[in-house]
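The next block holds one structure in the form of structure tokens; read it before the comments.
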Amino acid sequence: MNRRDGFAGWVRNLWDGVFSTMVGMGITIRYFFTKPVTVQFPEEKMEVAPRYRGIHYLEQDLCIACRVCEKACPIDCIEIRFKRHPGGVNEWFEFSLDYNKCMFCELCCIPCPKSCIHEGREYSMVRYDRSELVLDLLTWKGMREVDLRTIKEAEEEKKRKAAEAAARRAAEKAKKEAAAKEGDPGKPRKKETPGKRDPEGGGDER
Amino acid sequence: MSAEILAFLVLATATVAGGVVTLWSRYVVHSAFGLMLSLLGVAGFYVLLGSDFLAVTQVVVYVGGVVVLYLFGVMLTPPDREERSIRRIAVAGIFAVAALVVLLKAVFGMEGRWYGVDPDRGPASGGAVIREVGNAFMDKEAYLLPFEIASVLLLVALVGAVFIARREGGRGS
Amino acid sequence: MISALPPAAAIFLAQGTGGESRSLFRDLFGAGSGWGSFASAVLGFAVVFAVASALPVLFTWAERRVSGRMQQRRGPNRVGPFGLVQAVADGVKLMFKEDIIPANAERFLFALAPGLVLAGMIAAFALIPFSERAIVVDAPLGVYLLAALLSLQVLGVVMAGWASNNKWSLLGAMREAAQMVSYEIPMGICLLIGVLSFSTLSLREMSLAQADGWLNVGNWLIFRNPLFAFPAFVVLYVALLANTKRAPFDLPEAESELVSGFHTEYSGIRFSFFFLEEYASMFLVSALAVCMFLGGWNIPFLPGSVVTGSVGAEILAALVLIVKSFALVFVMIWLRWTLPRIRIDQVMNLCYKYLTPIAFVCLIGTCWWELR
Amino acid sequence: MSPVPLHWYLAVAFLLFVLGLLVVLSRRNLIYILMGVELILNASSLVFVAFGSYRGAKGLLDGTVIGTFIVVLAAAEATIALAIVLNIFGTFHSVRPEDPNLLKE
Chain A
1 MNRRDGFAGW
11 VRNLWDGVFS
21 TMVGMGITIR
31 YFFTKPVTVQ
41 FPEEKMEVAP
51 RYRGIHYLEQ
61 DLCIACRVCE
71 KACPIDCIEI
81 RFKRHPGGVN
91 EWFEFSLDYN
101 KCMFCELCCI
111 PCPKSCIHEG
121 REYSMVRYDR
131 SELVLDLLTW
141 KGMREVDLRT
151 IKEAEEEKKR
161 KAAEAAARRA
171 AEKAKKEAAA
181 KEGDPGKPRK
191 KETPGKRDPE
201 GGGDER
Chain B
1001 MSAEILAFLV
1011 LATATVAGGV
1021 VTLWSRYVVH
1031 SAFGLMLSLL
1041 GVAGFYVLLG
1051 SDFLAVTQVV
1061 VYVGGVVVLY
1071 LFGVMLTPPD
1081 REERSIRRIA
1091 VAGIFAVAAL
1101 VVLLKAVFGM
1111 EGRWYGVDPD
1121 RGPASGGAVI
1131 REVGNAFMDK
1141 EAYLLPFEIA
1151 SVLLLVALVG
1161 AVFIARREGG
1171 RGS
Chain C
2001 MISALPPAAA
2011 IFLAQGTGGE
2021 SRSLFRDLFG
2031 AGSGWGSFAS
2041 AVLGFAVVFA
2051 VASALPVLFT
2061 WAERRVSGRM
2071 QQRRGPNRVG
2081 PFGLVQAVAD
2091 GVKLMFKEDI
2101 IPANAERFLF
2111 ALAPGLVLAG
2121 MIAAFALIPF
2131 SERAIVVDAP
2141 LGVYLLAALL
2151 SLQVLGVVMA
2161 GWASNNKWSL
2171 LGAMREAAQM
2181 VSYEIPMGIC
2191 LLIGVLSFST
2201 LSLREMSLAQ
2211 ADGWLNVGNW
2221 LIFRNPLFAF
2231 PAFVVLYVAL
2241 LANTKRAPFD
2251 LPEAESELVS
2261 GFHTEYSGIR
2271 FSFFFLEEYA
2281 SMFLVSALAV
2291 CMFLGGWNIP
2301 FLPGSVVTGS
2311 VGAEILAALV
2321 LIVKSFALVF
2331 VMIWLRWTLP
2341 RIRIDQVMNL
2351 CYKYLTPIAF
2361 VCLIGTCWWE
2371 LR
Chain D
3001 MSPVPLHWYL
3011 AVAFLLFVLG
3021 LLVVLSRRNL
3031 IYILMGVELI
3041 LNASSLVFVA
3051 FGSYRGAKGL
3061 LDGTVIGTFI
3071 VVLAAAEATI
3081 ALAIVLNIFG
3091 TFHSVRPEDP
3101 NLLKE
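Protein chains in written order, with the working numbering: chain A, 1 to 206; chain B, 1001 to 1173; chain C, 2001 to 2372; chain D, 3001 to 3105.
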């Protein structure tokens, strides 16, 4: 603060002190009457993003035991044990994921031909012992229905956006070709500044 | 044994023990706390003697002010773990005992002339109410002049202390 | 054990100063001195100790809830309804924690200091008039004695800081000593304004004198003498805030610079003594300001004559006093989460350049107001 | 119920006086000496109040007033003396009474 001399400065300092305290107190009391943003963790959980990668969920009845995910896993944390009976019936023993190692890269879910393994929305991995972090997805019931639905919706959304992006790309390509036919390729390209990009259509960026 | 005597004995122990700590301690801080104990004991005596105003004044001024001042003084000067010298205390003791003898002679030598003082009657009770003390301070017939002089003394002490402690020019300014 | 002695001694002293006082326990045991007064002192100590340790429990809870809400959190809400029992749980935890005395500490002074700090606080609780009769000691010197007991705890803090043998503790103790001794000046002058206005030192008589005004609030000192008593009340509040070492004046225990200052080395039950003292003194100084400036136990908008005499009225009056004090405590908590800690030179500037002159002006103005 | 005899108070006051005198005479540190002076002042104040109290209410009043004056005196003395001690320490880097001896030379 700049130096203030004399009695007028004294009064102004005093006024500043009182006034700024009042302003500050006004701000804190306003916060006092707002709702707390705390989430009571074990009972209620924070809503995660739709494409959050949490503990996996296996749609067992769809799975054909092709072991693609096991092979795709870069850190080898998936272990699958089953017995294939004649007639395509699989007797499952184990489909376990070692969450001590898993880094939630989603590389197991992408190649799945039946897309029956998903990254769920459960993120709490508090256990008393490390061995308890090896979860058998056949018996683990951590996934809620709503999670499954949200995942489905998110995936549909992803597909829809990918389709949209593809359509737009096709349209642009067609436009570009049309422009190229007119023999003036510079102008339309100039319009494609990053600021004009549609914020919703992020799919084409990946 | 009545409660007063018990309280007196406790307070006397505290007072004298505090004085002994002040005399005998190796650390100045211990001495200051011994002094505090002693002063609190004296405040307790004032309560027993019926002078509660003086007791509270003692606590406010001495314990809350002067002792804190000494602690400041102690902490602003280097630690001085000067060893207690029996010889010096013995020499000082001779003087102290001589002074004590003179005092005792003076006090008890004129015991016949302790006007109105009855050593066995017990302390006054309900006396020295704050209102009376205030009136005595403001009474022209009683203590107005000493009171004014004391206020001037305090003012002079305040200005003097500020002037002495002020470091101007030279070292450390 | 050592720590428990000073509070008992202090309450005895406080009881003894009640020369012509009337109080609950004196009446109970007969007005005479001697063993009767000793017994009444013991009982008074028990009651005051209970009150002085029950209120901080409430206030720690309130502080944590309020500060939580001010930061958009919830605060403790697990133990008991709304987390009310949390403070009790914490107290029990502190009691069973290991009580560490550092190897190089002064053992005796280290053990004595928390008790000394708590002593003045608990004794001072005996002087608060919760209602016309619910007062342990109605000392004729009430306000003066209270100021004395408040000033006593500086020594406990300095003792704790020195005995810990820790440089941060010592620095915190020195800050505390400088701060408390300085802020006693504006505090004393503002208390003098109340004493001047009611021409009594007894807190009970002050509260009685503030009854029966316009809407039963007209006689409160800040309304009776608004021009000078209101600034004096604000100055007193700030000085008391500094006296209780609350933020923004919590330099003696500044966590960020001094790792909690004078009680760095304390743990377990002894630490809880310091903790208790801070919260008890929050209530104590608020009650002092209420008794002097905000009408004590008088209920606003309800004439005092309606509710005097019965036991229920006494309880209602005590509740009113507690609610008023709690409002001031709330403002303390509120200020804590509003203002950052100020520097030591700013603390001293505020005291000597701002509060003391304002207090003096208010004092002289009050003299004029009362004589006019 | 027997009250405390006056002589007990006098005994404590004298003991305090002697202790203060011993501190003043035997210690070689200015702060100690000031503390000794405080003890002596308190002893004298105690004697005043004790005598006054055993004379009755009027005497207690006088004793209280004189005791208050002694407290005032002691406070003034402590501030000034401590300021001087700190000044001596600033000049001579010592708090011993024999060290400020420039006038000797």
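Think of the CB as a built atom: it goes at the ideal place given N, C-alpha and C, for glycine as much as any other residue. Remember, predicted model here, so these are calculated numbers, not experimental data.
Check                                                                                                                                                                                             : Outcome
Just reading off the beta strand (DSSP E) that A:V89 is part of, what are its end residues?                                                                                                       : V89 to D98
Contact criterion: CB-CB distance below 8 Å. Does B:S1040 meet it with respect to chain D?                                                                                                        : Here residue 1040 of chain B is Leu; the residue named in the question, Ser, does not match the sequence. No, because no Cβ of chain D sits closer than 8 Å to the Cβ of B:L1040.
Which whole-angstrom value is the C-beta distance of C:A2126 and C:V2136, which I expect to be below 8 Å?                                                                                         : 4 Å
Taking only beta-carbon positions, decide if A:M25 is within less than 8 Å of chain C.                                                                                                            : yes
Tell me which same chain residues have a C-beta within less than 7 Å of the C-beta of C:G2032, skipping the five on either side of it?                                                            : Summary for C:G2032: the model assigns pLDDT 48, below 50, so the residue's position carries little reliability; its value from the coordinates is reported in the next sentence. Correct list: empty, nothing qualifies.
When you compare the region 2288 to 2297 of chain C with the region 2052 to 2072 of chain C, are there three or more beta-carbon pairs, one atom per stretch, that lie closer than 8 Å?           : no
Kindly provide the ranges of any alpha helix (DSSP H) runs that are 4 or more residues long and lie completely inside the region 2220 to 2297 of chain C, ordered along the chain.                : 2221 to 2224, 2226 to 2243, 2255 to 2258 and 2268 to 2293
Could you confirm whether any beta carbon from chain C is found closer than 8 Å to the beta carbon of A:V11?                                                                                      : no
Within its chain, find whatever has a CB closer than 7 Å to the CB of B:K1105; leave out the 5 residues flanking it on each side and keep chain order.                                            : none
If contacts are defined as beta-carbon pairs under 8 Å, then C:V2320 and C:W2334 qualify, I think. What distance do you get, rounded to the angstrom?                                             : So it is not a contact: roughly 21 Å between Cβ atoms.
Between B:F1163 and D:F3014, what straight-line distance do the alpha-carbon atoms span, to the nearest angstrom?                                                                                 : 36 Å
According to DSSP, is B:G1044 helix, strand or coil?                                                                                                                                              : helix
Give me the chain C residues within the contact set of A:I110, using Cβ-Cβ distance strictly less than 7 Å, ordered along the chain.                                                              : Residues of chain C passing the Cβ test: none, with the nearest at roughly 39 Å.
List, from N- to C-terminal side, the alpha helix (DSSP H) runs of 4 residues or more that fit wholly inside the region 47 to 132 of chain A.                                                     : 68 to 72
In three-state terms, what does DSSP make of A:D136?                                                                                                                                              : strand
Taking only three categories from DSSP, how would you classify C:E2132?                                                                                                                           : coil
Please name the residues in the region 2185 to 2207 of chain C whose beta-carbon is closer than 7 Å to at least one beta-carbon of chain B, in chain order.                                       : L2201
Are C:P2231 and C:A2160 close, meaning C-beta to C-beta below 8 Å?                                                                                                                                : no
Could you give the residue range of the alpha helix (DSSP H) that holds D:H3093?                                                                                                                  : No alpha helix (DSSP H) holds D:H3093; DSSP gives it neither H nor E.
Does C:Y2144 come within less than 8 Å of chain B when only Cβ atoms are used?                                                                                                                    : yes
Can you give the Cα-Cα distance for C:A2359 and C:R2341, rounded to whole angstroms?                                                                                                              : 23 Å
Could you give the distance in angstroms between the alpha-carbon of B:G1172 and the alpha-carbon of D:I3031?                                                                                     : Unreliable positioning characterises B:G1172 in this predicted model, as indicated by a pLDDT of 43, which lies under 50. The coordinate reading is nonetheless provided below. So the two alpha carbons sit approximately 22 Å from each other.
Buried or exposed for A:I75, going by 16 or more other Cβ atoms inside 10 Å?                                                                                                                      : exposed
Identify which residue in C:Y2354, C:G2075, C:G2091 and C:C2362 has its Cα closest to the Cα of C:L2055.                                                                                          : C:G2091
Closest by CA to B:V1074, which one among B:Y1027, B:I1130, B:D1139 and B:A1157?                                                                                                                  : B:Y1027
Please report whether the beta-carbon of B:E1004 lies at a distance below 8 Å from any beta-carbon of chain D.                                                                                    : yes
Check C:E2370 in the structure and name its three-state DSSP category.                                                                                                                            : helix
Quick one: what does DSSP say D:V3012 is sitting in, helix, strand or coil?                                                                                                                       : helix
Using only the alpha-carbon positions, how far apart do C:T2264 and C:A2163 sit?                                                                                                                  : 11 Å
Return no unless some Cβ of chain B is closer than 8 Å to the Cβ of D:S3053.                                                                                                                      : yes
Could you tell me how far apart the beta carbons of C:L2284 and C:A2124 are, in whole angstroms, since I believe they sit closer than 8 Å?                                                        : 5 Å
From the beta carbon of C:W2337, is the nearest beta carbon of chain A less than 8 Å away?                                                                                                        : yes
Along chain B, in chain order, which residues have C-beta atoms closer than 7 Å to that of D:F3069?                                                                                               : P1146 and A1150
For the region 2065 to 2112 of chain C, which segments carrying the alpha helix (DSSP H) assignment without a break, of at least 4 residues, lie completely within its bounds, in sequence order? : 2086 to 2096
Is there at least one Cβ from chain C nearer than 8 Å to A:V37's Cβ?                                                                                                                              : yes
Report the three-state DSSP secondary structure of C:M2337 (helix, strand or coil).                                                                                                               : In the sequence as presented, Met is not what sits at residue 2337 of chain C; that position holds Trp. Note: C:W2337 maps to coil in three-state DSSP.
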